[in-house]
Amino acid sequence: MQLTDPLVIFFFVLGLTFGSFGNVLILRLPKGKKIVGRSQCPKCKNQISTIDLIPVISYILLRGQCRFCKKKISIQYPIVEFVTGVLFVIAVMQTPESSLAALLLAGLLWLLFLMAFIDAQIQGIPDLLNIPFVLLALIFAWFTGTFTILAPVTVAGLFLVQWLVSSGAWVGSGDIILAAGIGLMMGDWERALVAIVAAYIVGALVALVGLLTGQISRKDHIAFGPFLAIGALITILWGEQLLGLFFF
Ligand SMILES: [Zn+2]
């Protein structure tokens, strides 16, 4: 499938829209605010009109400033929109055989991205994201015929043990639910394990670089959700090659 394929372009635009809604969730979920309701400028509180809510484009047209008070709009908004667009493109390129499977995978990647983003910010994953993630992963596994009980039980069990042993210091309870969803998303337990190992490797590298550069100290708690999400994405992209590497 080519990047210029109409279906790929459709998925990119759909992803931008989901990214726009993702911005709302990133902003409101951690604060326990209600999700519905019009967006307003966080500085001057003016309601943002529909014309200024076009993903990425509005940001460029407004030159990154609020239409009313001219205060800077965070670059986070167009970045979240663009990344979600790219994730939707990855989903459709990875599942060219079925648009519905691609849509389900895109939804899973979107939720993973949001959970990673929020976990990095507040060191916790809202149940409003990880429960729907597990349910969607279940539908995805069923629809693509990849459902096994072994994969989610293996990875969730792995995190449950860490959670029990460390009394919740190494991993959070949200990570256990997230891991179960990733297990379902990956299908078989070998792929699920590749995702977890990839998460640990990336996490260890980031921690090492952080410690060496003094960005983080030994006492700092690092959220693991972002690394689980990266591990899952790596496995979606290069799972077959990594499986060959790990299991010969
Ligand atoms: Zn404003």
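According to the numbering used here, the sequence shown is numbered sequentially starting from 979. Glycine is no exception: its CB is placed at the ideal position from the N, C-alpha and C atoms.
(request) Output yes or no for whether 8 Å exceeds the beta carbon distance between L1086 and F1118. (result) yes
(message) Please classify M979 as buried or exposed, where buried requires at least 16 other C-beta atoms within 10 Å of its C-beta.
(response) exposed
(request) May I ask whether a heavy atom of ligand 1 can be found less than 7 Å away from the beta carbon of N1024? (result) yes
(message) Would the region 1185 to 1203 count as touching the region 1144 to 1161 if we require 3 or more Cβ pairs under 8 Å?
(response) yes
(message) Comparing C-alpha positions only, which one of I1179, D1198 and K1197 sits nearest to A1207?
(response) I1179
(request) Mind the definition here: the region 1133 to 1143 touches the region 1067 to 1087 only if three or more C-beta pairs lie below 8 Å; say whether that holds. (result) no
(request) Please find out if some non-hydrogen atom of ligand 1 comes closer than 7 Å to the beta-carbon of F1205. (result) no
(message) Taking the alpha-carbon of L1223 as reference, which of A1115, A1182, K1197 and V1175 has the nearest alpha-carbon?
(response) V1175
(request) Check the DSSP bridge columns for K1050 and list the partner residues they point to. (result) Q1043
(message) So, at 8 Å on beta carbons, what are the nonlocal neighbours of A1098 in its own chain, with the 5 sequence-adjacent residues on each side left out?
(response) A1201, G1203 and P1204
(message) Quick check on this structure: which residue in L1215, A1173 and L1114 has the alpha carbon closest to the alpha carbon of V1133?
(response) A1173
(request) Could you tell me whether any non-hydrogen atom of ligand 1 is closer than 7 Å to the CB of K1050? (result) no
(message) Taking the alpha-carbon of Y1055 as reference, which of F1111, L1003 and G1135 has the nearest alpha-carbon?
(response) L1003
(message) Under 8 Å, with one C-beta from each stretch per pair, do the region 1156 to 1163 and the region 1106 to 1125 reach the 3-pair mark?
(response) yes
(message) Give me the DSSP bridge partner(s) of Q1018.
(response) Q1025
(request) Could you have a look at Q1101 and say whether DSSP puts it in helix, strand or coil? (result) coil
(request) Classify A1185 as helix, strand or coil using the three-state DSSP reduction. (result) helix
(request) Label G1217 either buried or exposed according to how many other C-beta atoms from any shown protein chain fall within 10 Å of its C-beta, with 16 as the threshold for buried. (result) buried
(message) Between which two residues does the alpha helix (DSSP H) holding R1196 run?
(response) Careful: R1196 lies outside any alpha helix (DSSP H) and carries neither H nor E.
(request) Sort D983, K1021 and S1145 by Cα distance to S1077 and report the nearest one. (result) D983
(request) Check whether the Cβ atoms of A1158 and V1112 sit closer than 8 Å, and answer yes or no. (result) yes
(request) Evaluate I1038 with the Cβ neighbour count: other Cβ atoms within 10 Å of its Cβ, from every protein chain shown; 16 or more gives buried, anything less gives exposed. (result) exposed
(message) For V1034 and V1184, what's the separation of their Cα atoms in angstroms?
(response) 29 Å
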